[in-house]
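Q:
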Amino acid sequence: MRRRRLGDILLQEGLITERELGEALEEQRRTGDRLGEILVKRGLITFQQLGKALEKQLGIPYVNLSEVEIHPQVARLIPEELARRYTCIPVKIENNWLYVAFSPPISLKTVEEIKLRTGLRIRPMIATRTEILKAINHYFSVDQAAKQAIADIRFHELAPSGEEEELEALVKLGEDPVIELVDYIIQGAINAGASDIHFEPQYPEMRVRYRIDGVLHDVTVIPKYVEQAVISRIKVMADMDIAEKRRPQDGHISIEKDGRELDIRVSTVLTVNGEKVVMRILDKEALKMELEEIGLSEEDERRVKSLIARPHGMLLVTGPTGSGKTTTLYSILRKFDSKELNIITIEDPVEYKLDGVNQIQVNPAIDMTFAKALRTILRQDPDIIMVGEIRDVETADIAIQAALTGHKVLSTVHTNDAPSAIVRLMDMGVEPYLIAASVNGVISQRLVRVICPECKEEYVPSEEEIAKLGIEPKRAAEIRLFRGKGCRFCFHTGYKGRTGIFEVMEISERIRRLIVERASTDEIREAAVEEGMRTLRQDAVAKVLKGITTVEEIDRVIFAEG
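Position one of the sequence shown corresponds to residue 0 (numbering that gives the first Met the number 0), numbered consecutively onward.
(1) When the Cα of His197 is compared with those of Ala435, Gln72 and Ile184, which residue comes out closest?
(2) Report the residue from His311, Pro222, Ser231 and Ser322 whose alpha carbon sits nearest the alpha carbon of Arg497.
(3) Kindly indicate which residue of Leu544, Lys495 and Asn415 has the alpha-carbon position closest to the one of Glu477.
(4) What's the call for Asn362, buried or exposed, on a 16-neighbour Cβ count within 10 Å?
(5) What would DSSP say about Pro123, mapped onto helix, strand or coil?
(6) Below 8 Å, how does it come out for the segment 348 to 362 and the segment 449 to 463: are there three or more Cβ pairs, yes or no?
(7) I'd like the span of the alpha helix (DSSP H) that includes Glu529, first residue to last.
(8) Which of the three DSSP states is assigned to Thr16 in this structure?
(9) Around the C-beta of Lys108, are 16 or more other C-beta atoms found within 10 angstroms, so that it is buried, or is it exposed?
(10) Where does Phe46 fall in DSSP's three states?
(11) Expressed to the nearest angstrom, what Euclidean distance is found between the alpha-carbon atoms of Ile131 and Arg482?
(12) Return the chain-ordered list of same chain residues with a C-beta closer than 8 Å to the C-beta of Val229, the five sequence neighbours on each side being excluded.
(13) Report the CB separation of Ile514 from Ala435 in whole angstroms; it is logged as a contact under 8 Å.
(14) Can you tell me which of Leu332, Ile383, Ala364 and Ile121 puts its alpha carbon nearest to the alpha carbon of Asn341?
(15) Just to check my reading of the structure: Leu119 and Ile92 have Cβ atoms closer than 8 Å, yes? What is that Cβ distance to the nearest angstrom?
(16) Below 8 Å on the Cβ atoms is my contact criterion, and I expect Gly250 with Pro200 to pass it. Report the Cβ-Cβ distance as a whole number of Å.
(17) Could you compute how far the alpha carbon of Ser305 sits from the alpha carbon of Glu298?
(18) Would you call the CB atoms of Ile59 and Pro123 closer than 7 Å?
(19) Between the beta-carbon of Ala420 and the beta-carbon of Val408, is there less than 7 Å?
(20) Cβ atoms of Val39 and Leu24: under 7 Å apart, would you say?
(21) For Thr647, which of Asp282, Ile343 and Met367 has the nearest alpha-carbon?
(22) Mind checking which residues open and close the alpha helix (DSSP H) that includes Pro431?
(23) Under three-state DSSP, which class holds Thr549?
(24) Roughly how many whole angstroms lie between the Cα atoms of Asp521 and Gln47?
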């Protein structure tokens, strides 16, 4: 009997529409991702609904891993490397049968290998790939692995008598226990999707924290007697001077994880409690987002595509540090064919290498500033220029001249919203008529956390929340919002992942006249809104009402700015 297709099952259950299925299949053809995971990512179905559909498709029972407490010893019946390779995790043992959750398709060869490894008969169960990976990250936790590695470090190696002996001992501790400890912490950060690892000397122990979705989380602690050994190991990996403790240092580590190349930037600084280390994890794959995936509404996506289709002119992206501007710029660059065009970027620093793009790093030590680099590349026959940031009038003037002479120019400025970017250029000293003639549009953005799909629940909003969203009281009774209860897969925060909040301002003829007249930010904003611009606040409210994020989160990121 022919197996039913997953899409057909979801259609029959009334969980998705034909149009939604068609769009997801198109994304699957483009990205190679699994159909079910795409539908969950788009918020059309939950992991539980996907699991139940897979159960109907394959005839194998589904297990909701977010609701099952797996004994740690059971989870570790197979090695972490094997669990990740085959995307599976043991769930329970009953009557000499080991129940193992697999992500379809299930290979008989894989089942047989796990049987040989464990000496138990195997009963397959189904869970989604994302659920299994989250469970692996939890049960092979960094904290437990770190504690075991610390226990293996011999105390006497860490307490030599003299300074010279101390240095020698710390170098020797590039042996297994310390190496394992640092590796566990780095691998755990990568598995958790962290952007940074913080090693913070406190009293009486060093605190290790991961920055995930923009927020720091405690992960483990390192005893004082292990602290210097860990710092020395990181310095050796980053090719830094382990004897230098007083001066700040910067280093770099390259590693490979699951076939992906990762760059780790390392920074050290001396505090009153000892050396603090921050490791910034740069994952090239994480930045390979299409313009359609960064969180733009349908109308804003149309506006942005219209702006980048223009033959020349400048497009500005604005927002505070950490608001996702680089991701947006790179997703725009990916819309252009680098085989037919000469694309050149000037960045400070070049954090991600792009195929087919000529990237230049700013270097003040040799007087390679944004302005000087921009002057140079204008003689390199560019089609598209990306300037990492416009910081001064010299850079702004050259970028504008490039836009006026037939080039497409992308850049960023630091302002709170799209209209403010125009006034910021005026404040730098750029003539208004040049801004009006060269700038095609401005994108302003923020990043907000997305509700964790594992613990997402519906609730009735309070009057205060209704007021913050600007909803009329007579509509309050029909409004239902969503939030995350908090579970082990989201560090009990209720959030997993981030998305963008945007406002996209096209520079119309009316706005060009206002710019020439040196209009205020408020006047430009008013005109843009009248012409259809959806503000950051409006876009944020729309994402709350769609169940993507929460009132609390947009209050933290958007409303707090007033």
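Cβ atoms here follow ideal geometry from the backbone N, Cα and C, with glycine treated the same way. All values reported here derive from a predicted model rather than from experimental measurement.
A: Answer, in terms of the structure:
(1) Ile184
(2) Ser322
(3) Leu544
(4) exposed
(5) strand
(6) no
(7) Thr520 to Glu529
(8) coil
(9) exposed
(10) helix
(11) 22 Å
(12) Val177, Leu180, Val181, Phe198, Met205 and Ile221
(13) 4 Å
(14) Ile383
(15) 7 Å
(16) Not quite, the Cβ-Cβ distance comes to about 18 Å (not below 8 Å), so this is no contact.
(17) 11 Å
(18) yes
(19) no
(20) no
(21) Absent from the structure is residue 647, since the part of the chain shown begins at 0 and ends at 561.
(22) Pro431 to Ser437
(23) coil
(24) 47 Å
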